[in-house]
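Visitor: One gets my numbering by counting positions in the sequence shown from 1 and adding 711 to each.
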Amino acid sequence: MLTCKEFLQELNEFLDETADQELRERLMTHVSECPNCFVIFDTTRKTLRVYKGLEAQEIPDDVHKRLMELIAKRCKCSGASGGGA
Ligand SMILES: [Zn+2]
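(1) Quick one: Cα of Phe752 to Cα of Lys784, how far?
(2) Could you give the distance in angstroms between the alpha-carbon of Ile782 and the alpha-carbon of Phe725?
(3) Can you determine whether any heavy atom of ligand 1 sits closer than 7 angstroms to the C-beta of Asn747, and answer yes or no?
(4) Does DSSP classify Thr755 as helix, strand or coil?
(5) In the structure shown, what three-state DSSP assignment does Glu728 receive?
(6) Look at Leu713 and Thr755 and say whether their C-beta atoms are less than 8 angstroms apart.
(7) Hey, out of Leu738, Thr740, Met739 and Asn747, whose CA is closest to Cys786's CA?
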C-alpha cells in the first residue's frame, strides 16, 4: 500500500506514461482507496491534458508544488510510515 507521499512521488511518472504496469496498478489502487489522492490525480490529469495541448510535456514545477501543498493540507499523513488500517 502506497502512502500519499509515495503516490505523489510516482504521480509524475504515471501521468507521463513512463510507469510500468505494476506501478500503475499500485497507483490506481491507491486512488481507488484514497479520495484525496483521487481528486489530485484527476485534477492533475486534466491539467496535464491542457498543458500537453499547449506543447509542454511535463508537469510544471509550480503545479506540482501546489499539488504537494494541497495534499499536505488534506491528508493527515506526515510521511513517516503511512497510516495503518
Ligand atoms: Zn492518498
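Ideal placement from N, C-alpha and C gives every residue a C-beta, glycine not left out.
Guide: Inspection of the coordinates gives the following:
(1) Sequence index remark: in the sequence shown, residue 752 carries index 41 (1-based). Sequence index remark: in the sequence shown, residue 784 carries index 73 (1-based). The alpha-carbon atoms of Phe752 and Lys784 are separated by roughly 15 angstroms.
(2) The sequence position of residue 782 within the sequence shown is 71, counting from 1. The sequence position of residue 725 within the sequence shown is 14, counting from 1. Distance between the alpha carbons of Ile782 and Phe725: 17 angstroms.
(3) As a first step, residue 747 must be located in the sequence shown, where it is residue number 36. The answer is yes for Asn747.
(4) Locating residue 755 in the sequence shown gives position 44, counting from the first residue. For Thr755, the secondary structure class from DSSP, reduced to helix, strand or coil, is helix.
(5) Position 17 of the sequence shown, counted from the first residue, corresponds to residue 728. Judged by DSSP in its simplified three-state form, Glu728 adopts coil rather than helix or strand.
(6) Taking the sequence shown and counting its residues from 1, one reaches residue 713 at position 2. Taking the sequence shown and counting its residues from 1, one reaches residue 755 at position 44. Between Leu713 and Thr755, the C-beta spacing is not below 8 angstroms.
(7) To locate residue 786, count along the sequence shown from 1; it is residue 75. For Cys786, the nearest C-alpha among the options comes from Asn747.
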